Amino acid sequence: MISGFIQVSYFAVAVVFILGLKAMSSPVTARKGIVWAGWAMVAATLVTLQTPGMQNYGLMIVAIVLGGALAWWSGRVVKMTDMPQMVAIYNGMGGGAAAAIAALEFARGEVHGTVVATLAVLGALIGSVAFSGSCVAFAKLQGLMKKPIRLPQQNVVNIALAALTALLGLLIIASDAPAGAAIVLFFVLALVLGVILTSPIGGADMPVVISLLNAFTGLAVGFEGYVLGNPALIVAGIVVGASGTLLTQLMAKAMNRPISNVLFTPLTGAAAGGEGEAIEGTMKEFSALDAASVMRYAAKVIIVPGYGMAVAGAQHKVWEMAQLLEEGGVEVAFAIHPVAGRMPGHMNVLLAEAGVPYDKIFDLEEINADFAQADVALVIGANDVVNPVARTDKSSPIYGMPILNVDQAQNVIVVKRGKGAGYSGIENALFYKDNCRMLYGSAQQAIAEVITHVKALEA
Amino acid sequence: MDGITALYVFMLAAFTGYEVISRVPVILHTPLMSGSNFVHGVVLVGAMVVLGRADPDSPLQLAIGFVAVFLGAANAAGGYVVTERMLAMFKGGKKAGGA
Chain H
0 MISGFIQVSY FAVAVVFILG LKAMSSPVTA RKGIVWAGWA MVAATLVTLQ
50 TPGMQNYGLM IVAIVLGGAL AWWSGRVVKM TDMPQMVAIY NGMGGGAAAA
100 IAALEFARGE VHGTVVATLA VLGALIGSVA FSGSCVAFAK LQGLMKKPIR
150 LPQQNVVNIA LAALTALLGL LIIASDAPAG AAIVLFFVLA LVLGVILTSP
200 IGGADMPVVI SLLNAFTGLA VGFEGYVLGN PALIVAGIVV GASGTLLTQL
250 MAKAMNRPIS NVLFTPLTGA AAGGEGEAIE GTMKEFSALD AASVMRYAAK
300 VIIVPGYGMA VAGAQHKVWE MAQLLEEGGV EVAFAIHPVA GRMPGHMNVL
350 LAEAGVPYDK IFDLEEINAD FAQADVALVI GANDVVNPVA RTDKSSPIYG
400 MPILNVDQAQ NVIVVKRGKG AGYSGIENAL FYKDNCRMLY GSAQQAIAEV
450 ITHVKALEA
Chain D
0 MDGITALYVF MLAAFTGYEV ISRVPVILHT PLMSGSNFVH GVVLVGAMVV
50 LGRADPDSPL QLAIGFVAVF LGAANAAGGY VVTERMLAMF KGGKKAGGA
């Protein structure tokens with residue numbers, strides 16, 4: 000069916016994909032990695048056009064051009080801060096494509112044998128869940144869906160629906176010529192399952208969810224690759240499935256929450272309220288001038304960026320301020336929590352965009368001991384990842400999550416838009432500590448004011 | 000491909016995926032997630048094959064096939080652009096660091 004030339008090309012493509020991923024895991028070679036993988040993808044597409052016995056070329060070209068151009072354009076124009084939801088939506092599309100492949104194979108009546116049918120059904124299920132789940136993740140991050148939606152008896156509903164879907168899947172696998180209605184119902188149930196699994200999950204857990212759905216899509220692609228007898232799909236899909244699973248584990252570990260916890264007991268305000276220890280003290284306000292002088296005359300400042308900086312697009316201002324302080328002889332470092340922002344590495348990407356060199360950016364393990372020697376910890380739009388209740392309050396939903404120990408710094412300055420709680424809805428004990436001062440305003444505008452005052456101090 | 004051979008391929012590919020990224024610095028987590036998102040865009044190839052085999056007289060088959068290719072192409076193109084943009088910034092950051 001597939002000619003020798005095409006087979007060899009697919010093999011080469013699979014090798015280049017793996018090498019590309021390998022290159023992407025080191026900062027020095029990362030750029031090369033994606034370019035290699037990109038050429039491999041172009042080659043795979045061109046070679047596939049040569050597959051003997053294919054029809055519908057016109058429709059195929061239109062679909063490739065439309066889908067490719069729309070995604071290319073949206074990926075080009077999107078703001079850097081909106082990247083996470085774009086990754087989510089493109090990932091969902093891949094899952095949808097895998098599910099559609101299974102649907103078409105069923106529609107053509109080309110699914111024969113237990114192994115093929117099992118993998119087709121599994122791929123369809125996982126792909127559909129990834130598709131609808133990613134759409135929900137996109138809606139949440141894009142701000143189209145503000146509150147987590149929790150059904151009464153959510154876990155019971157989830158399990159019942161999953162069991163029903165699995166049962167229907169088994170019926171389809173067992174039947175030699177499954178009824179069209181059963182297949183349609185199966186896809187509908189799988190799509191609904193994706194929606195109700197992701198809807199209750201709060202924004203704080205979104206990075207883990209996107210990563211998990213990415214791994215799901217990989218698996219779905221791998222399984223459909225078997226159905227089609229296409230080794231390039233199998234290898235690329237399973238490699239992504241495995242690496243995505245590892246990435247998900249790394250993230251969940253950073254949050255000290257098992258993946259099952261993320262999915263089935265979401266962080267919500269309701270879970271946080273009421274039973275926690277009462278927080279004592281008041282929030283104390285700081286002016287931009289106060290903040291500027293404290294930092295200008297400090298020996299060491301550690302900056303902790305969070306989602307607030309991303310939303311305000313303040314990374315350039317922050318780096319400008321950091322450079323000003325450094326010119327004045329202040330030692331400046333950036334501390335990044337593994338789950339700061341909406342995706343792991345989100346803050347690294349933004350700081351890199353602003354031109355902050357790698358050697359000023361530190362992970363949680365590297366820098367946590369340094370806070371005790373820092374004069375100022377400047378928290379910019381981060382909340383849950385610096386909340387000391389994670390160390391102290393056993394009843395808190397984030398208890399046990401490793402946090403940046405900013406409260407150990409001499410002074411803590413928190414740049415925050417308002418007095419509200421963080422994304423998870425948990426009250427932050429840090430803001431009430433004696434050494435903590437609040438600088439209200441959007442990160443962009445607050446840091447701009449601080450810069451003005453620092454410059455005035457120089458003059 | 001028979002079932003047991005496929006099982007071996009699945010197993011080896013899974014270990015490969017795990018090994019390939021096991022020593023990735025946190026700084027590259029987002030681009031790598033985006034990059035692996037691009038790699039599973041190879042689903043486009045599978046979508047092209049099934050659309051190519053679809054019955055030209057069946058609107059249902061053509062529609063599903065069209066959707067599959069459209070989504071696959073979007074996954075590949077979008078995944079590439081977003082990853083490339085992120086990694087291009089890292090390159091810029093490095094230059095600034097040398098200064």
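Chains as they are written, first to last, in numbering that gives the first Met the number 0: chain H, 0 to 458; chain D, 0 to 98. Backbone N, C-alpha and C define an ideal beta-carbon position, used for all residues, glycine too. Computed from a predicted model, the values in this text were never measured in an experiment.
Review point. Helix, strand or coil: which one does DSSP assign to H:ASN434?
Key: coil
**Study point:** Which listed residue (H:GLY94, H:VAL348 and H:GLY327) has its alpha carbon closest to that of H:ILE209
**Key:** In terms of Cα proximity to H:ILE209, the closest of H:GLY94, H:VAL348 and H:GLY327 is H:GLY94.
**Study point:** Contact check, H:ALA368 vs H:GLN409, beta carbons under 8 Å
**Key:** No, the pair does not count as a contact, with Cβ atoms beyond the cut-off.
Exercise for review: Count the other C-beta atoms from every protein chain shown that fall within 10 angstroms of the C-beta of H:PHE430, then say buried if there are 16 or more, exposed otherwise.
Suggested key: buried
Exercise for review: Could you check the C-alpha separation between H:GLY240 and D:SER21 for me, to the nearest Å?
Suggested key: 14 Å
Review point. Sorted by chain position, which residues of the same chain lie with C-beta nearer than 6 Å to H:GLY122's C-beta, five sequence neighbours on each side aside?
Key: ALA97, ALA101, ALA219, PHE222 and GLU223.
Review point. Going by DSSP, what residues sit across from H:LEU377 in a beta bridge?
Key: H:ILE302 and H:ILE412
Review point. H:PRO83 and H:ARG295 look like a contact to me (Cβ under 8 Å); what is the Cβ gap, rounded to whole Å?
Key: With 8 Å as the limit, H:PRO83 and H:ARG295 do not qualify as a contact, their Cβ atoms being about 34 Å apart.
**Study point:** Start-to-end residues for the alpha helix (DSSP H) that takes in H:ALA332
**Key:** First-last for H:ALA332: 330-335, but that is the beta strand (DSSP E), not the alpha helix (DSSP H).
Practice item. Enumerate in chain order the residues of its own chain whose CB-to-CB distance from H:GLY275 is below 6 Å, with the five nearest sequence positions on each side excluded. Key: Reliability fails at H:GLY275, whose pLDDT of 47 lies under 50, so the model's placement of it is uncertain and the value that follows must be treated cautiously. Within the same chain, H:GLY275 has close Cβ partners ASP392, SER394 and SER395.
Review point. What residues are listed by DSSP as bridge partners for H:ILE360?
Key: H:ILE360 pairs with H:PHE333.
Practice item. Flag H:PRO257 as yes if its beta-carbon sits less than 8 Å from any beta-carbon of chain D, otherwise no. Key: no
Exercise for review: Sort H:ALA231, H:SER242 and H:PRO199 by Cα distance to H:LEU462 and report the nearest one.
Suggested key: No answer is possible for residue 462 of chain H: the residues shown for chain H start at 0 and end at 458.
**Study point:** Identified DSSP bridge partners for H:LEU284
**Key:** With the sequence shown as reference, residue 284 of chain H is identified as Glu, and Leu is not the correct amino acid for it. H:GLU284 pairs with H:MET437.
Exercise for review: Could you spell out where the alpha helix (DSSP H) holding H:HIS345 opens and where it closes?
Suggested key: 345-353
Check your understanding: Candidates H:VAL77, H:GLU364, H:TYR89 and H:ALA119: which alpha carbon is nearest H:PHE185's?
Key -> H:ALA119
Check your understanding: Should H:ALA442 and H:VAL414 be called a contact, given that it needs their Cβ atoms to be closer than 8 Å?
Key -> yes
Exercise for review: Using a Cβ-Cβ cut-off of 8 Å, state whether D:THR15 counts as contacting chain H.
Suggested key: yes
Exercise for review: Kindly list the residues whose CB is nearer than 6 Å to the CB of H:MET79, restricted to its own chain and excluding five residues on each side of it in sequence; keep chain order.
Suggested key: So the qualifying residues of the chain are GLU352.
Check your understanding: Between the C-alpha atoms of H:ALA231 and H:LEU249, what's the straight-line distance to the nearest angstrom?
Key -> 27 Å
Practice item. Assign H:ASP175 to one of three DSSP states: helix, strand, or coil. Key: coil
Exercise for review: Could you say if the region 35-42 of chain D and the region 72-87 of chain D meet the contact criterion of at least three C-beta pairs nearer than 8 Å?
Suggested key: yes
Review point. In angstroms, rounded to a whole number, what distance separates the CA positions of H:VAL46 and H:PHE137?
Key: Roughly 33 Å between the two C-alpha positions.
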